[in-house]
């Protein structure tokens, strides 16, 4: 896309710092649509911060190009700065000013008129629950409060794109939820949000799409759901079965397990221990396949885990129907979806950074 | 709120952003006025007290020494007043506090943020020097020629610009953990080789110190103010002082802005 309709557009971006032998960002390309919440995920040192640095005009790219709100971040850096706002991970509020003056002066830098900036400051303080703190010096704020001030400050000049760097690192759960609500509210207002994080739950919860970056390269880019689906065989259906499998007429002796293995979408069947205190003491916990099959066929209660490659919800019907046809009943059933963390680890490895 | 939905927003002017940042600095200085006054007036006051009042009364220094030293102190206040207004905040703003980031993201060229800092520092330097005048007049018996007042003021302004440029160079080249070294290795030599406490021409018998003093740009500001206010004391010609101080300001200003861009942009 080159017509400027995207909120953020990164094409073959390269950044190599002086004295470095490798590229911090190494041929990165992605596009963020207007009004989208985009999560940039990656381990420490993956190039997220550098990428955001380029997009926010603070880092000069070595190669490639980047546009924000349709404007080139190098050639039109001044105009770009008026369209974006940055909420950094570390507090960078003006400590010589009180909370409200931080907002008011920020708006003044961005050319907002006197009456308007006073009005916006009061409205944003109210929205962020900071009205009581308006006259306090920023040194006296907690981490969560400082971050709310920084979000309010960023919104004072009504940016088109808001960059949130690690928005909930170091925040308590209440503060984190508040930030999440604010991100959703901004999305509803049409503000594009680019967030960098290594909190997988946060990324999955908030982002319309997620880009996973490592070593300066894009490893995957999709909706969180699609990324999680892309991990084959990592979704699961856990089923607790009561009743014999002998009445099914299979007669082969391997019971439900073999039958379930045949259900389309099931990759593998694993036998789990029978629940503790189950009706049949002979259902040995941790039993190997054959023993467990025997236990189940003795009309006990046992649990199986099916690894599936499809959406696990779609397999509930076929699994229940099959077990019913075999004369067994389903006592309990749980679906396990792979988390974004599984995707992240499978793409970036387990090595410590 | 309907933030972000407008397209084709006009970019606010860089001039407006520049003025707003300047306004911020003036506002903060206004809030911290007592600190500011203490910072710029206490040290020169004690200089006068010890060297003129105390030592003068005891007869260790000549009675007219105060008249020689006061112009030097006006120069010192102009240069150090502005140097401190740039160097210290900058060292911390680029390291611990990162406060400057919000101004670097203002819609104006990054170099203008540096220019604003130097302009504001110049104002502080000039104010620090001018505020020293009534204190000096109370403590020292002087008779300045009326014709020298304007040249002296011009020299003070140039001295403040020079201090701001020097402060920009120092503030962008010294890492925060080295800030204590600044006092020992930069400020103290600057303070004592800048012809503040002595006229430069009296150093003829001490050539190595004369050369050292000639390398300190503060010398030309001190000598220039002295040439304007106490012309009877031997001094360097005013035009020479102006030319050297303006040239040094330009060179250091360019170096300082380059240092600022290097620190502000990766």
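Residue numbers (our numbering), protein chains in the order written: chain L, 676 to 1028; chain U, 95 to 360.
Ideal placement from N, C-alpha and C gives every residue a C-beta, glycine not left out.
Test item: CB-CB of residue i and residue j under 8 Å
i, j, result
"residue 170 (chain U)", "residue 142 (chain U)", "no"
"residue 339 (chain U)", "residue 305 (chain U)", "no"
"residue 735 (chain L)", "residue 359 (chain U)", "yes"
"residue 995 (chain L)", "residue 1005 (chain L)", "yes"
"residue 836 (chain L)", "residue 744 (chain L)", "yes"
"residue 898 (chain L)", "residue 883 (chain L)", "yes"
"residue 761 (chain L)", "residue 838 (chain L)", "yes"
"residue 219 (chain U)", "residue 176 (chain U)", "yes"
"residue 319 (chain U)", "residue 268 (chain U)", "no"
"residue 270 (chain U)", "residue 185 (chain U)", "yes"
"residue 940 (chain L)", "residue 979 (chain L)", "no"
"residue 325 (chain U)", "residue 757 (chain L)", "no"
"residue 252 (chain U)", "residue 336 (chain U)", "yes"
"residue 1003 (chain L)", "residue 916 (chain L)", "yes"
Own chain residues within Cβ distance below 6 Å of residue i, not counting five before or after
i, result
"residue 181 (chain U)", "261, 264, 265"
"residue 321 (chain U)", "329, 332"
"residue 742 (chain L)", "684"
Contacting residues, own chain, Cβ-Cβ under 8 Å from residue i (five flanking each side not counted)
i, result
"residue 710 (chain L)", "682, 862, 865, 866, 867"
"residue 858 (chain L)", "712, 839, 842, 868, 870, 881"
"residue 887 (chain L)", "716, 717, 893, 894, 895, 896, 902, 1018, 1019, 1022, 1023"
"residue 724 (chain L)", "840, 871"
"residue 947 (chain L)", "913, 977, 978, 979, 980"
"residue 800 (chain L)", "774, 775, 778, 806, 808, 809, 827"
Three-state secondary structure assigned by DSSP to residue i
i, result
"residue 333 (chain U)", "helix"
"residue 294 (chain U)", "helix"
"residue 913 (chain L)", "strand"
"residue 152 (chain U)", "coil"
"residue 188 (chain U)", "coil"
"residue 922 (chain L)", "In this prediction, residue 922 (chain L) has a pLDDT of 42, which is less than 50 and means its spatial position is unreliable; what the coordinates show is noted afterwards. Helix, per DSSP."
"residue 767 (chain L)", "coil"
"residue 946 (chain L)", "strand"
"residue 703 (chain L)", "strand"
"residue 740 (chain L)", "strand"
"residue 882 (chain L)", "coil"
"residue 872 (chain L)", "strand"
"residue 211 (chain U)", "helix"
"residue 858 (chain L)", "helix"
"residue 865 (chain L)", "coil"
"residue 690 (chain L)", "strand"
Residue i burial status per 10 Å Cβ neighbour count (16 or more: buried)
i, result
"residue 257 (chain U)", "buried"
"residue 178 (chain U)", "buried"
"residue 174 (chain U)", "buried"
"residue 347 (chain U)", "buried"
"residue 694 (chain L)", "exposed"
"residue 813 (chain L)", "buried"
"residue 930 (chain L)", "buried"
"residue 302 (chain U)", "exposed"
"residue 820 (chain L)", "buried"
"residue 853 (chain L)", "buried"
"residue 244 (chain U)", "exposed"
Cut-off 7 Å between Cβ atoms - residues of its own chain near residue i, not counting five sequence neighbours on either side
i, result
"residue 988 (chain L)", "1010"
"residue 355 (chain U)", "204, 205"
"residue 82 (chain U)", "With chain U covering 95 to 360 only, the question about residue 82 (chain U) has no answer from this structure."
"residue 327 (chain U)", "162, 293, 320"
Residue i CB to nearest heavy atom of the ligand FMN below 7 Å
i, result
"residue 947 (chain L)", "The ligand FMN is not part of this structure, which contains no ligands at all."
| Would you call the segment 856-865 of chain L and the segment 890-906 of chain L in contact, with 3 or more CB pairs under 8 Å? | Flag = no, the segment 856-865 of chain L and the segment 890-906 of chain L do not touch.
| Is it true that the segment 696-716 of chain L meets the segment 729-743 of chain L, where meeting means three or more beta-carbon pairs spaced less than 8 Å apart? | At 8 Å Cβ cutoff, the stretches touch.
| Validate contact between the segment 772-785 of chain L and the segment 717-724 of chain L using beta carbons, cut 8 Å, 3 pairs | Contact check between the segment 772-785 of chain L and the segment 717-724 of chain L: fewer than three CB pairs, one atom from each, fall below 8 Å, which does not count as touching.
| query | Taking contact to mean at least 3 C-beta pairs separated by less than 8 Å, is the segment 135-149 of chain U in contact with the segment 206-216 of chain U? | reply | No: fewer than three Cβ pairs fall under 8 Å.
| message | Any contact between the segment 234-244 of chain U and the segment 268-286 of chain U? By contact I mean 3 or more CB pairs, one from each, below 8 Å. | response | Output reads no: the segment 268-286 of chain U does not touch the segment 234-244 of chain U.
| field | Any 3 or more C-beta pairs closer than 8 Å across the segment 759-777 of chain L and the segment 811-824 of chain L | value | The answer is yes - the segment 811-824 of chain L touches the segment 759-777 of chain L, with three or more Cβ pairs under 8 Å.
| Are the segment 221-230 of chain U and the segment 130-144 of chain U touching by the rule of at least three beta carbon pairs closer than 8 Å? | Enough Cβ pairs lie closer than 8 Å, so yes.
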